[in-house]
Each structure stands twice: as structure tokens, then as C-alpha cells.
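*Asks:* For the protein sequence lines, the chains are P and C, in the order given. Under my numbering, think of the first position of the first sequence as 203, with each following residue one higher. Under my numbering, think of the first position of the second sequence as 203, with each following residue one higher.
There are 2 protein chains.
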Amino acid sequence: MKLTEKQKKVLEFIADFQTREGFPPSVREMCQGLGTSSPGSMHKHVQALETRGYIENLPGKKRAWKLTQRAWDQVGIQTSPSIPLYGRIAAGLPILAQQNKEEELPIDPALFGSREAFALKVQGDSMKDVQIRDGDLAIIRKQQDAENGQIVAVMVEGLETEATLKILRRKRNAIELHPANEEFKPQVFSGKDRARVTILGKLVGVIRRTP
Amino acid sequence: MKLTEKQKKVLEFIADFQTREGFPPSVREMCQGLGTSSPGSMHKHVQALETRGYIENLPGKKRAWKLTQRAWDQVGIQTSPSIPLYGRIAAGLPILAQQNKEEELPIDPALFGSREAFALKVQGDSMKDVQIRDGDLAIIRKQQDAENGQIVAVMVEGLETEATLKILRRKRNAIELHPANEEFKPQVFSGKDRARVTILGKLVGVIRRTP
DNA sequence: TTGCCAAGAGAACAGATGTTCGCTATTCTA
DNA sequence: TAGAATAGCGAACATCTGTTCTCTTGGCAA
Numbered sequence: 203m204k205l206t207e208k209q210k211k212v213l214e215f216i217a218d219f220q221t222r223e224g225f226p227p228s229v230r231e232m233c234q235g236l237g238t239s240s241p242g243s244m245h246k247h248v249q250a251l252e253t254r255g256y257i258e259n260l261p262g263k264k265r266a267w268k269l270t271q272r273a274w275d276q277v278g279i280q281t282s283p284s285i286p287l288y289g290r291i292a293a294g295l296p297i298l299a300q301q302n303k304e305e306e307l308p309i310d311p312a313l314f315g316s317r318e319a320f321a322l323k324v325q326g327d328s329m330k331d332v333q334i335r336d337g338d339l340a341i342i343r344k345q346q347d348a349e350n351g352q353i354v355a356v357m358v359e360g361l362e363t364e365a366t367l368k369i370l371r372r373k374r375n376a377i378e379l380h381p382a383n384e385e386f387k388p389q390v391f392s393g394k395d396r397a398r399v400t401i402l403g404k405l406v407g408v409i410r411r412t413p
Numbered sequence: 203m204k205l206t207e208k209q210k211k212v213l214e215f216i217a218d219f220q221t222r223e224g225f226p227p228s229v230r231e232m233c234q235g236l237g238t239s240s241p242g243s244m245h246k247h248v249q250a251l252e253t254r255g256y257i258e259n260l261p262g263k264k265r266a267w268k269l270t271q272r273a274w275d276q277v278g279i280q281t282s283p284s285i286p287l288y289g290r291i292a293a294g295l296p297i298l299a300q301q302n303k304e305e306e307l308p309i310d311p312a313l314f315g316s317r318e319a320f321a322l323k324v325q326g327d328s329m330k331d332v333q334i335r336d337g338d339l340a341i342i343r344k345q346q347d348a349e350n351g352q353i354v355a356v357m358v359e360g361l362e363t364e365a366t367l368k369i370l371r372r373k374r375n376a377i378e379l380h381p382a383n384e385e386f387k388p389q390v391f392s393g394k395d396r397a398r399v400t401i402l403g404k405l406v407g408v409i410r411r412t413p
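(1) Residues of chain C with CB under 8 angstroms from T412/P, in chain order?
(2) Is L213/P helix, strand or coil when you go by DSSP?
(3) For a contact meaning CB atoms closer than 7 angstroms, what does D310/P contact in chain C?
(4) Less than 9 angstroms between the C-beta atoms of S228/P and K263/C, yes or no?
(5) Taking only three categories from DSSP, how would you classify V248/P?
(6) Could you tell me which chain P residues have their CB closer than 9 angstroms to the CB of I334/C, listed as they occur along the chain?
(7) From the DSSP output, read off the bridge partner residues of P286/C.
(8) Using beta carbons (cut-off 9 angstroms, strictly below), is E318/P in contact with chain C?
(9) For chain P, find out if any of its Cβ atoms is closer than 9 angstroms to the Cβ of A293/C; answer yes or no.
(10) Could you name the residues of chain C that K268/P contacts, counting a contact when the two beta carbons are closer than 8 angstroms?
(11) The beta strand (DSSP E) with R230/P in it runs from where to where?
(12) Go through the region 332 to 376 of chain P residue by residue and report every complete run of the beta strand (DSSP E) that reaches 3 residues or more, in order.
(13) Contact between the region 316 to 333 of chain C and the region 394 to 406 of chain P is defined here as three or more beta-carbon pairs at a separation below 8 angstroms; is this criterion met?
(14) Quick check on DSSP: helix, strand or coil for V324/P?
(15) So, is H247/P buried or exposed, given that buried needs 16 or more other C-beta atoms within 10 angstroms?
(16) Quick one: is S243/C buried, meaning 16 or more other Cβ sit within 10 Å of its Cβ, or exposed?
(17) Name the residue from K208/C, A217/C, Y288/C, L260/C whose alpha carbon lies nearest to the alpha carbon of A250/C.
(18) Per DSSP, what are the beta-bridge partners of K268/C in this structure?
(19) Have a look at K204/P and R272/P and give me their C-alpha separation to the nearest angstrom.
(20) Ordered along the chain, which non-local residues of its own chain (more than five positions away) have a Cβ less than 7 angstroms from that of D327/P?
(21) Secondary structure at E205/C, three-state DSSP: helix, strand or coil?
(22) Using a Cβ-Cβ distance under 9 angstroms, would T271/P count as near chain C?
(23) Expressed to the nearest angstrom, what Euclidean distance is found between the alpha-carbon atoms of L236/P and N259/P?
(24) In whole angstroms, give me the CA-to-CA distance for N350/C and V408/C.
(25) Considering only their Cβ atoms, is the gap separating V354/C from A376/C smaller than 9 angstroms?
(26) Given a limit of 7 angstroms on CB to CB distance, which residues of the region 243 to 269 of chain P reach chain C?
(27) Over the uninterrupted beta strand (DSSP E) stretch that includes K404/P, give me the two end residues.
(28) For S239/C, would you say it is in contact with chain P, using Cβ-to-Cβ distances shorter than 9 angstroms as the test?
(29) For a test of the three-state rule: what should DSSP assign to E378/C, helix, strand or coil?
(30) Could you tell me which chain P residues have their CB closer than 9 angstroms to the CB of L236/C, listed as they occur along the chain?
(31) Which residue's Cα is closest to the Cα of T253/P: S239/P, R265/P, L269/P, S240/P?
(32) Do you know how far the Cα of P261/C is from the Cα of M329/P?
(33) Alpha carbon to alpha carbon, how far is W267/C from D338/P?
(34) For L313/P, which residues in chain C fall below 9 angstroms Cβ to Cβ?
(35) Is there a Cβ of chain P sitting closer than 9 angstroms to that of Q220/C, yes or no?
(36) Is S243/P helix, strand or coil by DSSP?
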């Protein structure tokens, strides 16, 4: 019994809502969260998840269902939440490859309002003006895009083999990556070069361990 | 605001039900579980718990309430290892009193090399020169003393009702507390005044949550 | 006693919610 | 091309559920 793409989305939403709020979402809240408008359609999905063993339902009660262990496994939520710390990035490997993991920080990503996050060790003083130091751990929420002015973790193809923190500024035909340090100059990628910039995620926190 | 005997029973039932089932009980389920028969009476108790800050309620939604941290503390259910965050310190109370706790950070103190730690919310820019910002969470390892030059959390008797971060400098006959900001002046306590300074612990880390 | 307060019973109401039903659109397959 | 599978819309219904009200009971202090 395989899950439809939509059913996975629904399952993920329920799991996310449950961990965030502490109780399951109502059918209509799921509609709102997933951008549809018909409780009927949503109910069909929930029912499908039930017959497939991802949800236990107590008939007759409102907003009273449980996700089974199978569901939590599917969504990939671990019992003891943590944040992986990536150190130096080896050239040629996917950035977030297992080989690059340096440590598993025993911190719940929810502390930073994220469901999935990772950490990078900051190197150098390029973020000095926003009080981020050499050696700090930057907590990054995974996302493909970000808004202007936000601090993001980026990879630049061909230029560096490491992920770096930069302030994102999109111009009409260019992407600018600004360090938060007056002594350094921004990098500008215009035209085709824009494709060389890959956003890994958005900065949602900083952790510093002082000796 | 003290809790009635009955209200404690109700609170315990809700906490128990929540951990067992994964969602909160309805008013009538609480009635059944506690051996009464009137939803009205039970609702009064729930409301009392809400005004006392043990329950957060989302009006208009059914079976949708959350137990606050205070409630979990009252019931005495422990979660994974964590660090308590203390906010404003109320005058006259022991600094690390339960009443001052603002949040329980789901972080293992071992991450900062401590067995027992607590967190304080940094107020103001007195630590600007060491890249600590207003709003940052300072992680403090409990200890009575510290070495020269280290950053410590201190209470000064009579002067302030809040714990502050300062750089410690012991002189022959005085204790100096230096802010890490050139614009501020150090506080000097000499002679008998030295006894007014109480060291709560040593700074072992910083956590920043960016919105 | 009198008054106050916590607690409960029972009824009643309004709204949220699960659930069902019929119809349509799109996509993929036999 | 016909049919199945998936997904959605919108309406409608029964009931679960929070909430309010009134009345009653028992304990306790002034």
C-alpha cells in the first residue's frame, strides 16, 4: 500500500501540527493549512491514511486521532530531536552528506521554530557586524529561498567548496551576497551567474560555546 | 493564586490523558474520568485553571487547549534534559526560584560542558564588545567563584534586583565588574562592599534566536 | 444562625467538526 | 477512446463539545 503524494503532504501536516500545538488538527484546519477548501476531500485523505495504518481513529469523537509509529517513521521525526553540525565541506560531495557531519547537537530544532535544521561552524569575521564570531555555530533552517535582507547559508558553484553565511539582496538582474563586515566587499552574480548561487537555508539562530 | 484540591486532580487528569492519548480530553471525558456527571461543573474547573495560567485556550475551537509549562511543572512530569531560562528576577526572591522561570530550553547542559546550567536573557548592550546582543540567552554554569577575566553572572545586593553579566576582575582589596562596552564604566566594590557581590556562575555559552 | 464558597446536577444553546453524497476536472492506463 | 484513479468543490446532516444558566448541597467562618 503506497501513499499518494498528497497523502504524504497531509500526513506531514498532521505530524507538524501535532508536534507544534500538542493536539491534532481538525479537518478544516488541515484544509486551510494545505490550501484546499473542501472538508470532504480532506476527509477522504484522512480515511485513506487510516485504512493504510497511519492513523488510529476513535469514531464519534471530534478532533481525536492518533498518529501511529509507522506515521512518525514515515515523516522521519526522531524520538530524540537533534541538529546535525557540518564542518568543512569536502569538495564534490553533496553539502549535507553524512561524511561532512561533525557532531550531532542535542538540541530540539523546535527551539528555533524549525522542523528541520542543521548547523554550520562559522569561519572568519565576515559576520562581525551582526555579532557573529569566528567559531560560532550558525543554526540554519532548510529552505530553498529567502527574502531580501535575510541572512542565508549559501554555496557558490566553482568559487568555494564551503558553505558561507551571507546577507541576501536580490536586484533586478543580479543576486548580491553581502558580508556583515564593512571591510569586506559584496559578491555580485548577474545574468547567467545567478544560477551558481544555491541557497541552503535561512539563519534562525546562533550558538556559541565559550571555553 | 492557589489551586483547589479538585483543580489539582483535574490538572493531573488532563496531563495524564494528554501523555497517554496524544490529545487533550474533552470536558465530558474529564467528567467520566473523575467520576462526576456535569459538564458545567467541570467547565468551571477548566476555566479556573485557565485564569490561573495552567491552560491556554483557543476560543471557538473544540478540544483544543494546551497545558503550559507551569502546568507540567505542577504535575511534575519531566522531559528530556534541559536548561531553565530565567527572565526578570523578582525582588526579594531567591534568584533561581521557580517563580522566575520563563521557559525550559530543550538543551542538554552537557553541550556546554556543564552538569547543571541555567540561562538568563541578556538585556541591553553592555556586552557588545564580546558580540553578545540584547535578547541573547546567556548560558551560565553554576559556580560560586571564577577566575579573573572571565565573564560571570552576578547579583549585587541593594543595587539591582536583576542578575547581570559582567567581566570579573579581582584587585587586591576590591572586586571590579566590567561591562564589555567602552561606553559603560566598571563598578568597583572595595572593603566591606565586596560582600555585596554574589557570583551566580560562569558564562559557558550564548544562544541567539533570530526571528 | 447567616453568609460565603467550592462543587455538583441537569438542562439548554450555539458552534465546531466528522462524515456522507453528488458532481466535476485532470491524468494516466488499458 | 473508455475507464479507473486521484483530487477537488460545495452542500448538508448528525452529533460532539464548549459554554452558560439556574438550582442544590455541604463545609466553614464570622
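Built from N, CA and C at the ideal position, the CB exists for glycine as well.
*Replies:* In brief:
(1) What you label residue 412/P is simply residue 210 of the first sequence in a count that begins at 1. Chain C residues near T412/P: I353, L405, V406, G407, V408.
(2) Translated into positions along the first sequence, residue 213/P becomes position 11. Reduced to three states, the DSSP call for L213/P is helix.
(3) Position 108 of the first sequence, counted from the first residue, corresponds to residue 310/P. Correct list: P308.
(4) Here residue 228/P refers to the residue found at position 26 of the first sequence. Here residue 263/C refers to the residue found at position 61 of the second sequence. Yes; because the gap between Cβ atoms is below 9 angstroms, this pair is in contact.
(5) Along the first sequence, one-based indexing puts residue 248/P at 46. Note: V248/P maps to helix in three-state DSSP.
(6) Reading the second sequence from its first residue, position 132 is the one you call residue 334/C. Within chain P, the residues whose beta carbon sits less than 9 angstroms from that of I334/C are Q333, R410, listed in sequence order.
(7) Taking the second sequence and counting its residues from 1, the one referred to as residue 286/C is at position 84. For P286/C, which the question treats as bridged, DSSP gives the partners E306/C.
(8) Within the first sequence, residue 318/P is the residue found at index 116, counting from 1. Not one chain C Cβ lies under 9 angstroms of E318/P.
(9) On the second sequence, residue 293/C is found 91 positions in, with the first residue counted as 1. For A293/C, the predicted structure reports a pLDDT of 43, less than 50, and the residue's modelled location is therefore unreliable. A value from the coordinates is still provided. A293/C has a beta carbon lying at 9 angstroms or more from every beta carbon in chain P.
(10) Position 66 of the first sequence, counted from the start, is the residue given in the question as residue 268/P. Those are E223, G224, F225, listed as they occur along chain C.
(11) Residue mapping note: residue 230/P aligns to position 28 of the first sequence, counting from 1. Not the beta strand (DSSP E): R230/P falls in the alpha helix (DSSP H), residues 229 to 236.
(12) You should have 339 to 344, 353 to 358, 366 to 373.
(13) no
(14) Translated into positions along the first sequence, residue 324/P becomes position 122. Coil.
(15) Sequence index remark: in the first sequence, residue 247/P carries index 45 (1-based). That one is buried.
(16) Numbered from 1 along the second sequence, position 41 holds the residue referred to as residue 243/C. When all chains shown are included, S243/C counts as exposed.
(17) In the second sequence, residue 250/C corresponds to position 48, counting from 1. The shortest Cα separation from A250/C among K208/C, A217/C, Y288/C, L260/C belongs to K208/C.
(18) Position 66 of the second sequence, counted from the start, is the residue given in the question as residue 268/C. Answer is E258/C, bridged to K268/C.
(19) If you number the first sequence from 1, residue 204/P lands on position 2. If you number the first sequence from 1, residue 272/P lands on position 70. Those two C-alpha atoms are separated by around 13 angstroms.
(20) Taking the first sequence and counting its residues from 1, the one referred to as residue 327/P is at position 125. Around D327/P: D336, N383.
(21) Your numbering for residue 205/C matches position 3 in the second sequence. Strictly speaking, residue 205/C in this sequence is Leu, with Glu absent from that position. In this structure, L205/C counts as coil in the three-state DSSP scheme.
(22) Within the first sequence, the letter at position 69 stands for residue 271/P. It is Gln, not Thr, that sits at residue 271/P in the sequence shown. False, the Cβ-Cβ gap to chain C never drops below 9 angstroms.
(23) For the purposes of this step, residue 236/P is identified with residue 34 of the first sequence, where counting begins at 1. For the purposes of this step, residue 259/P is identified with residue 57 of the first sequence, where counting begins at 1. Near 21 angstroms, if we compare the C-alpha coordinates of N259/P and L236/P.
(24) Here residue 350/C refers to the residue found at position 148 when the second sequence is read from its first residue. Here residue 408/C refers to the residue found at position 206 when the second sequence is read from its first residue. So the two alpha carbons sit approximately 20 angstroms from each other.
(25) Numbered from 1 along the second sequence, position 174 holds the residue referred to as residue 376/C. Numbered from 1 along the second sequence, position 152 holds the residue referred to as residue 354/C. Not a contact, by the Cβ cut-off of 9 angstroms.
(26) K264, R265, A266, K268
(27) Sequence index remark: in the first sequence, residue 404/P carries index 202 (1-based). Run containing K404/P: 399 to 411, per the beta strand (DSSP E) assignment.
(28) As a first step, residue 239/C must be located in the second sequence, where it is residue number 37. Closer than 9 angstroms: no.
(29) Counting from one through the second sequence, the residue named residue 378/C turns up at place 176. Looking at E378/C - three-state DSSP - the assignment turns out to be strand.
(30) Residue 236/C sits at position 34 when you count from the first residue of the second sequence. Going along chain P, no residue has its Cβ under 9 angstroms from L236/C, so there is no contact; the nearest lies around 18 angstroms.
(31) Locating residue 253/P in the first sequence gives position 51, counting from the first residue. Selected option, being the one with the closest Cα: L269/P.
(32) As a first step, residue 329/P is located in the first sequence; it is residue number 127 there, counting from the start. As a first step, residue 261/C is located in the second sequence; it is residue number 59 there, counting from the start. Here the alpha carbon of M329/P sits roughly 44 angstroms from the alpha carbon of P261/C.
(33) Residue mapping note: residue 267/C aligns to position 65 of the second sequence, counting from 1. Residue mapping note: residue 338/P aligns to position 136 of the first sequence, counting from 1. Taking the straight line from one Cα to the other gives about 38 angstroms.
(34) Here residue 313/P refers to the residue found at position 111 when the first sequence is read from its first residue. What L313/P touches in chain C: L307, P308, I309, I409, R411.
(35) Counting from one through the second sequence, the residue named residue 220/C turns up at place 18. It does; some Cβ of chain P falls within 9 angstroms.
(36) Counting from one through the first sequence, the residue named residue 243/P turns up at place 41. If DSSP states are grouped into helix, strand and coil, S243/P belongs with the helices.
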